[in-house]
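>
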Ligand code: 5AD
Ligand code: SF4
């Protein structure tokens with residue numbers, strides 16, 4: 122989401138006459154688009170700010186801006202260090218040129234107003250994907266769910282959906298520029314709604330742009346993912362069979378306390394429905410270890426759910442208390458740090474085993490892959506994703522980014538499929 126937002130910011134600034142530099146030393150304006158989801162994300166930005174201050178010391182006219190969720194959360198507090206000139210929240214990007222122009226030595230500029238309707242629908246993002254293969258398209262902003270641990274509803278505001286006509290137009294535009302894949306982005310794509318248009322309808326509309334444009338999306342919410350969305354995915358060749366479905370916990374008491382508004386049983390039923398419709402569907406998840414008051418037995422429920430589902434892979438986190446959230450206000454962060462870390466490590470160990478099992482099942486299978494570019498490990502090979510989102514590495518064989526090719530899986534690690542080209 123932040124990459125997509127940064128692409129919007131590049132577009133707004135380019136219109137105002139700014140150019141992107143390739144090194145920080147060449148920049149007159151240095152901006153960081155920030156994340157507040159966990160404390161360590163914010164700590165990284167504090168570290169970056171020190172680096173920016175050095176630039177300011179070396180070159181007096183350099184301006185520093187903090188934008189995005191951390192700007193929204195901390196507001197004026199970011200100005201206290203005297204090192205920040207611009208603070209702009211996620212709905213204030215249109216005003217950036219104005220804010221930048223108004224900065225004076227002792228008058229930093231701040232806009233952290235959240236909007237009910239800003240979707241940046243009319244702004245054509247300046248793409249940062251260097252291969253020109255895969256583009257993000259933001260379809261909605263904000264979130265109305267208020268999961269008790271989560272800061273997003275406070276930093277990104279209320280949910281709003283973007284006009285589907287502007288989404289389809291953007292998909293057509295990137296396709297005409299040679300892109301072969303779009304990822305539709307939203308905090309909770311299943312609650313997308315614009316007039317009568319649902320997320321399932323929108324998926325169909327974007328898939329109709331061209332059969333050779335692959336469509337992905339993220340993120341789904343287990344309480345909202347509908348049979349219509351699953352059926353739409355199953356019915357279209359070019360909608361990738363991959364669903365990121367964050368479970369967070371496998372225990373009903375913890376899920377209730379997290380305000381996720383589904384149960385373990387509901388979640389497992391949704392997984393079954395996905396697999397009935399698409400046996401080859403890649404399913405990935407997010408898990409939080411050590412949420413407030415989580416017992417050892419409740420932690421084991423998370424492990425048993427992960428064992429039962431067998432996710433392709435997962436993003437796994439230790440619970441990080443975020444000031445102002447329902448959990449921070451109502452529940453003590455009482456799982457000791459060493460216990461949280463141990464539980465997280467158990468979760469990671471289990472997932473590594475399950476990923477390896479899942480990837481091994483693909484050995485011998487033929488997969489259709491969209492070539493993205495040179496493999497990071499071995500630049501003489503190419504890499505690209507299968508529909509399930511698994512990363513594949515294979516010999517170049519004269520292929521180039523943007524080609525669709527068929528490969529046969531020969532071997533794997535727990536994160537990569539090692540493939541041969543088909544004859
Ligand atoms: N602590 C730890 N992980 C969190 N996430 C969101 N908020 C927190 C938090 N306070 C995780 C969830 C979510 C993902 C984007 O980040 O798993 O799905
Ligand atoms: Fe946060 Fe829950 Fe909204 Fe996801 S659905 S952004 S976890 S409040």
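In the numbering used here, the protein residues as written are 122 to 544. Just so it is clear, CB atoms sit at the ideal spot from N, CA and C, and this is done for glycine as well. A quick note: this is a predicted structure, and the numbers were derived from the prediction, not measured.
Quick one: is residue 280 buried, meaning 16 or more other Cβ sit within 10 Å of its Cβ, or exposed?
Answer is buried; the Cβ neighbour count reaches 16.
> For residue 532, name the three-state secondary structure that DSSP assigns.
Residue state, collapsed to three classes: strand.
> Specify, as a first and last residue, the run of the beta strand (DSSP E) that residue 305 falls within.
Here the beta strand (DSSP E) through residue 305 covers 302-306.
> Of all residues in the structure, which have a C-beta closer than 6 Å to any heavy atom of the ligand SF4, taken in chain order?
Residues with a Cβ closer than 6 Å to any heavy atom of the ligand SF4, in chain order: 264, 266, 267, 268, 271, 273, 274, 308, 309, 342.
> In this structure, does DSSP put residue 495 in helix, strand or coil?
In this structure, residue 495 counts as strand in the three-state DSSP scheme.
> Does the distance from the CB of residue 277 to the CB of residue 211 come in under 7 Å?
Yes, the Cβ-Cβ distance between residue 277 and residue 211 is below 7 Å.
> Under the criterion of a Cβ to heavy atom distance below 6 Å, does residue 469 qualify as lining the ligand 5AD?
Not under cutoff, so the answer is no.
> Helix, strand or coil for residue 350? Go by DSSP, reduced to three states.
The answer is helix: DSSP assigns residue 350 an H, G or I state.
> Using DSSP's beta-bridge definition, name the partner residues of residue 318.
In DSSP, residue 318 forms a bridge with 315.
> From residue 410 to residue 357, what does the alpha carbon distance come to, in whole angstroms?
If I take the Cα positions, the gap works out to 36 Å.
> For the segment 412-476, list the alpha helix (DSSP H) runs that are entirely contained and at least 4 residues long, ordered along the chain.
Counting only runs of 4 or more, we get 417-430, 447-451.
> So the candidates are 153, 269, 201; which of them puts its Cα closest to the Cα of residue 451?
The candidate whose alpha carbon is nearest that of residue 451 is 269.
> What span of residues does the beta strand (DSSP E) with residue 407 cover, start to end?
Unbroken beta strand (DSSP E) run through residue 407: 403-410.
> To the nearest angstrom, how far is it from the Cα of residue 423 to the Cα of residue 396?
Using only the alpha carbons, I get a separation of about 20 Å.
> What is the rounded straight-line gap between the Cα of residue 403 and the Cα of residue 510?
Rounded to the nearest angstrom, the two C-alpha atoms are 7 Å apart.
> Rounded to whole angstroms, how far is the Cβ of residue 515 from the Cβ of residue 542, which I believe are closer than 8 Å?
About 6 Å separates the two Cβ atoms, so the contact holds.
> If you count every other CB in all the chains shown that lies within 10 Å of the CB of residue 234, and 16 or more means buried, which is it?
It is exposed - the Cβ of residue 234 has fewer than 16 other Cβ atoms within 10 Å.
> How about residue 442 and residue 454: are their beta carbons less than 7 Å apart?
Cβ atoms of residue 442 and residue 454: closer than 7 Å.
> Could you please give the first and the last residue of the uninterrupted beta strand (DSSP E) stretch that includes residue 152?
Element bounds for residue 152: 150-155.
> Return the residue from the list 385, 417, 198, 298 that minimises the CA-CA distance to residue 247.
Selected option, being the one with the closest Cα: 298.
> Does residue 197 pass the burial test, meaning 16 or more other C-beta atoms within 10 Å, or should it be called exposed?
Exposed, since its Cβ has fewer than 16 Cβ neighbours within 10 Å.
> Just checking my contact of residue 481 with residue 540 at CB under 8 Å: how many whole Å lie between their CB atoms?
Not quite, the Cβ-Cβ distance comes to about 14 Å (not below 8 Å), so this is no contact.
> Rounded to a whole number of angstroms, what is the C-alpha to C-alpha distance between residue 457 and residue 311?
Their backbone Cα atoms lie some 35 Å apart in a straight line.
> How long is the line joining the alpha carbons of residue 294 and residue 301, rounded to whole angstroms?
The straight-line gap from Cα to Cα measures roughly 11 Å.
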